[in-house]
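Trainee:
Number of protein chains: 2
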Amino acid sequence: MKNVLGREIPEELLVEGQEVFQGQYYRDGYVYTKSAPTVTAHVKPTGDKIVENIREAIVKSGLKDGMTISFHHHLRDGDYIVNMVMKEIHKLGIKDLFVCASSLGKAHNYLVPCIEDGTVTGISTSGIRDEIGEAVSAGKLKNLAYIRTHGGRARAIEDGTVKIDVAFLGAPTSDSYGNASGKGGKSDCGVLSYVDGDAKYADKVVIITDTLVETPNFPASIQGVDVDFVVLVDSIGDPSKIASGVLRLTKDTRELNMAETVAKCMYHSGYFKNGFTFQTGAGGPSLATTVFLKKYMDQENIKCRWAMGGITEPIVNLFKEGYINKVINDQAFDLAAVASVHTDPNHFEISASQYANPFNKGAFVNQLDFVILGALEIDVDYNVNVVQGTTGILQGAPGGHTDTSAGAKVSIIVAPLIRSRLATVRTEVTSVTTPGESIDIVVTDYGVAVNPKRQDLLDAFKETDIPLKTIEELRDLAYQYAGEPEKIEFEDKVVAMIEYRDGTIIDVVRKPKQLN
Amino acid sequence: MKNVLGREIPEELLVEGQEVFQGQYYRDGYVYTKSAPTVTAHVKPTGDKIVENIREAIVKSGLKDGMTISFHHHLRDGDYIVNMVMKEIHKLGIKDLFVCASSLGKAHNYLVPCIEDGTVTGISTSGIRDEIGEAVSAGKLKNLAYIRTHGGRARAIEDGTVKIDVAFLGAPTSDSYGNASGKGGKSDCGVLSYVDGDAKYADKVVIITDTLVETPNFPASIQGVDVDFVVLVDSIGDPSKIASGVLRLTKDTRELNMAETVAKCMYHSGYFKNGFTFQTGAGGPSLATTVFLKKYMDQENIKCRWAMGGITEPIVNLFKEGYINKVINDQAFDLAAVASVHTDPNHFEISASQYANPFNKGAFVNQLDFVILGALEIDVDYNVNVVQGTTGILQGAPGGHTDTSAGAKVSIIVAPLIRSRLATVRTEVTSVTTPGESIDIVVTDYGVAVNPKRQDLLDAFKETDIPLKTIEELRDLAYQYAGEPEKIEFEDKVVAMIEYRDGTIIDVVRKPKQLN
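Line by line, the protein sequences give chains S and F.
Quick note, the first sequence lines up with residues 376 to 891 if you use this note's numbering.
Quick note, the second sequence lines up with residues 376 to 891 if you use this note's numbering.
1) Rounded to whole angstroms, what is the Cα-Cα separation between S/R850 and S/P842?
2) Under the three-state reduction of DSSP, which class applies to F/K435: helix, strand or coil?
3) Rounded to a whole number of angstroms, what is the C-alpha to C-alpha distance between S/G697 and S/K678?
4) With distances taken from CA atoms, which of F/K439, F/L472 and F/H483 is nearest F/M459?
5) Taking beta-carbon pairs under 8 Å, can you tell me which members of the stretch 528-548 of chain S lie near chain F?
6) Round the Cβ separation of S/G737 and F/V414 to the nearest angstrom and send it over; I've been treating them as touching at under 8 Å.
7) S/E874 lies in the beta strand (DSSP E); which residues open and close that run?
8) Put S/I841 into one of helix, strand or coil per three-state DSSP.
9) With DSSP as the reference, label F/I725 as helix, strand or coil.
10) Does DSSP classify F/T496 as helix, strand or coil?
11) Would you say F/V600 faces chain S, with C-beta separation under 8 Å as the test?
12) Is the CB-CB distance between S/I507 and S/E463 below 8 Å?
13) Apart from the five residues on each side of it in sequence, which residues of its chain come closer than 7 Å, Cβ to Cβ, to S/A432?
14) With 7 Å as the C-beta to C-beta threshold (strictly closer), list the residues of the stretch 738-751 of chain F near chain S in chain order.
15) How is the alpha helix (DSSP H) around F/C679 delimited, first residue to last?
16) Contact defined as beta carbons within less than 8 Å: I believe S/F343 pairs with S/Y730. What is the distance between those atoms, to the nearest angstrom?
17) If you run the structure through DSSP and keep just helix, strand and coil, what is F/C475?
18) What are the residues of the stretch 389-418 of chain F that lie near chain S, defined by any Cβ-Cβ distance shorter than 9 Å?
19) Going along chain F in order, which residues have a C-beta closer than 7 Å to the C-beta of S/R728?
20) What does the alpha-carbon distance come out to for the pair S/G811 and F/I522?
21) Got a sec: is the Cβ-Cβ distance from F/N735 to anything in chain S below 8 Å?
22) Measure from the C-beta of F/K701 to each C-beta in chain S and report whether the shortest distance is under 8 Å.
23) With a threshold of 8 Å between beta carbons, is S/G782 in contact with chain F?
24) Whose CA, out of F/L668, F/K701, F/G645 and F/F446, lies closest to the CA of F/G502?
25) Output the boundary residues of the beta strand (DSSP E) element that contains S/G545.
26) As a quick exercise: from F/A476, F/F473, F/T808 and F/F593, pick the residue whose alpha carbon is nearest that of S/I725.
27) According to DSSP, simplified to helix, strand and coil, what is S/V418?
28) Tell me the DSSP secondary structure of S/A510 in three-state form.
29) Pairs of beta-carbons, one from the stretch 566-584 of chain F and one from the stretch 615-633 of chain F, closer than 8 Å: are there three or more?
30) If you compare alpha carbons, which of F/D834, F/E752, F/A772 and F/K695 is closest to F/S795?
31) How about S/R680: is its C-beta nearer than 8 Å to some C-beta of chain F?
32) Please determine, among S/G453, S/Y485 and S/M442, the residue with the shortest C-alpha to C-alpha distance to S/I611.
33) Under 8 Å Cβ to Cβ from F/P733, same chain only, skipping five residues before and after it: list those, please.
34) So, for F/K424: in the same chain, excluding its five sequence neighbours on each side, which residues have a beta-carbon less than 7 Å away from its beta-carbon?
35) State yes or no: is the C-beta of F/L397 within less than 8 Å of the C-beta of F/V379?
36) Identify which residue in F/D563, F/A711 and F/V825 has its Cα closest to the Cα of F/N692.
Below is the structure:
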């Protein structure tokens, strides 16, 4: 069957009650009863929760074939947790596990042999990169992979779509009762935003830390009252890979020009007022926007009420210079963000649910004025793909892309018209991650297209020097310079479902023929 | 039927699945699935959550006859919320409500006419004082009242014993999305510990504030993602009654002597070591203990790792002088506590569940070394009554009494042997709030009794000058000076159930004949 975007979704792949995508606000007002964990009451005071090692935690948790386990990715490319835990599970011979990860990347490649021998048969994740992306694209995972946004994962846990049996949560610091934090220790990752649902909704919760501190380890991102076991290991990650030292601002003139255009669009949008709110992605032109914003903020003598998102040094700098009043952090992308969330009382950690879950009583994305995002591909209906690479192999991550663009008053995509000699703006995207109705403006190095549904923005930009084009004109330009992209050949086999943040299926990912 | 303490519990009053008290750790290891709210998804960004007034919030919440509403008591004797909300409910003619309050006192007397005309037909509370205590004691409430400890209430909400339909939560500050805090504003109460369960488990949550602040109001005790409506009113309370200015340390020699004995018992107990943890009640001799503790801490050159509980100025002073490393606050009893929890980074707010819920994975009471508590009556089995006054009328509150004494390694009751010419230590208590097995030491002005089950303490005190007596000797002394207390005459009618923290029934309260 086709969903509202015309994407073909094989009906037999839908689980009971699952629908195909019907529009970004289709499930607004949906009434449901939240999921809840099955827990064991600790009435009697029994000392701490420390167990000998990961193996003992797995055994005591009661993990069995067919269960669901979860991980977070705040330790990013430096993460040791997933591989450490999967190796012990492997040794124990437990099979047929569903892995609910907040994101997967090259630090988690031990999942590949686990996928190949049936230890892991299902995956839910935002990012799916590197060898895991290839393995899943090649159809090696027994069951379907589910690509979820950060808000969609929080929703899936809270609404019971995913029931986590055992959460294995790395924590830079913990006390012996499981009050755990992303702050401090030798593997400092700043925040633990994505674990809030895991800790509160999983039946069993295991904290794995390399830095045990005195009780109470407050403020704690994970509360000890939700934790069953604490494991002390030598190291939970490689600090040099947890946060990149500095995400340098681009010096590429083309990127700087695009960034300047983005800032100009914001300035002229009608929403650039004192107290505005925004989020930028961590890509080159998104980040560079902050520099140009400053100019307009000085000019208008206005301040940003808060900036949100995966936080980077340019945002921290604007904050420290007084341009931004508060920072709301769901992920620390670099050392500056890690350092600031420790020390500045106006820099706050929030949970993934607070950030972006569409099914709570109003996530922070709903309060965004602007979001600036990247794209791998954009089609003439403004649909965006950030999940499948140009070869059709899984390599990206929706992250908060779909969540923020649905919530923000003005959502801006910034991307070069041509990337690696391929058209970014095209007639059709390989797969849809974010629906076009969520996207208001596309800024490229060859012009700016405004979604026709935003007549207000078209009017606002009329008398400016913003180089307006239609999205079709941008596509035609791209095809003129780079040629019409060749169609990737896919098999019928679906390897992954792209779940919209509300649980409906917005697209599917099929196995590329080249992987045969 | 009789429970394990020999208290008669009419079987017909037990609801399905309810058991009578079987021992303090009877339900250790109990496995259950938590309750969960039914919520409405706010997928679409729709601006703020502000409604015109309390009446509109009630109407929009869908409140109907027979539902359960909830309140907290952090505004203490200055609270305007309960009366404001009940007056509007009264006007709307909604009947047969169950009121789940964290505690009720003289600020809530508008509940009395509501009880009398059937607007309110059921109550769950810790404290039940003043006119409400009299009305319930007189049997005016249509259904049974349930007396719950702070931990017991958190448990009842989390395990689904109480299902809150609409929570009406006063907040000193809130933003327009419902991120609410006990800090700041003109009705500052410091913390909002008791509302955590209400906000997370109620279907509908209404924040009532008199100080609206810019979004995000972080750090927030109540997260906006759990809030449906925000009401701005002129005033949520009388600041002069919210926190008492100063809880003065007693100058009464008798009380000071008892306090010194308590400190001496702690010192000799074997648990007075560097890094010990403790909680004291807010009564005269409990509070005064802090002064004498200091002497012993200096002498041994040790520090307290953390102090917990309802926090008062003497605790804040010890903290500021460096005797206590961290303070864990579930209630701010005075202005010093309110001020400190705002400003000191080592003074932390915790939820009622973190504090004392026996059914989570280990509450903080389980980590207490010492707790020092008061009592209205103590019997020769060490059972304590803190709920029924000497006339049999409901007037006290279990608060955290039962929770902390079950968790602490050494729980100490301090009370004068005779109070208002009546024996405190007696053969039988009017009703049992806290079982004797949870009580280790009873300190009076006429000697100290140690529960025989604590042979370790009896041994530890042997060579000291602690004036040891048996509990029967204390009782006999009390009877010698004050006479044997006259038996209060009760009707058969049960007006309230005293629920042990784990949900079993430890005792019942009957209607005193004098109230006929």
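We put the beta carbon where it would ideally sit given N, CA and C, even for glycine.
Mentor: So, from the data block:
1) So the two alpha carbons sit approximately 15 Å from each other.
2) helix
3) 8 Å
4) F/H483
5) none
6) That belief does not hold up - the Cβ atoms of S/G737 and F/V414 are roughly 11 Å apart, past 8 Å.
7) For S/E874, the uninterrupted beta strand (DSSP E) run begins and ends at F865 to E874, by DSSP.
8) coil
9) coil
10) Looking at F/T496 - three-state DSSP - the assignment turns out to be strand.
11) Chain S contact via Cβ: present.
12) The answer is no: Cβ separation not under 8 Å.
13) V426, V581, F604 and V606
14) A738, N741 and Q742
15) Note, F/C679: premise wrong, no alpha helix (DSSP H); beta strand (DSSP E) at C679 to I686.
16) Only positions 376 to 891 of chain S appear in this structure, which leaves residue 343 of chain S out of reach.
17) strand
18) Those residues of the stretch 389-418 of chain F that come within reach of chain S (Cβ to Cβ, closer than 9 Å) are Q399, Y400, Y401, R402, D403, G404, Y405, V406, Y407, T408, K409, S410, A411, P412, T413, V414, T415, A416, H417 and V418.
19) First, the amino acid is wrong: residue 728 of chain S is Ser here, not Arg. Those within 7 Å of S/S728 in chain F are V600.
20) Near 56 Å, if we compare the C-alpha coordinates of F/I522 and S/G811.
21) yes
22) Taking Cβ atoms only, chain S reaches closer than 8 Å to F/K701, which makes this a yes.
23) Answer yes: the Cβ-Cβ gap between S/G782 and chain F drops below 8 Å somewhere.
24) F/F446
25) V541 to A546
26) The residue with the shortest Cα to Cα distance from S/I725 is F/F593.
27) coil
28) When secondary structure is reduced to three states using DSSP, S/A510 falls in the helix class.
29) no
30) F/E752
31) Output row for S/R680: interface = yes.
32) S/G453
33) Shown here for F/P733: same chain residues with a beta carbon closer than 8 Å to its own, the five before and five after excluded, namely R402, G526, G527, R530, D778, A781, R876 and D877 in chain order.
34) S551, Y552, G553, V602, D603, F604 and V605
35) The sequence shown places Gln at residue 397 of chain F, not Leu. Yes, they are a contact pair.
36) F/A711
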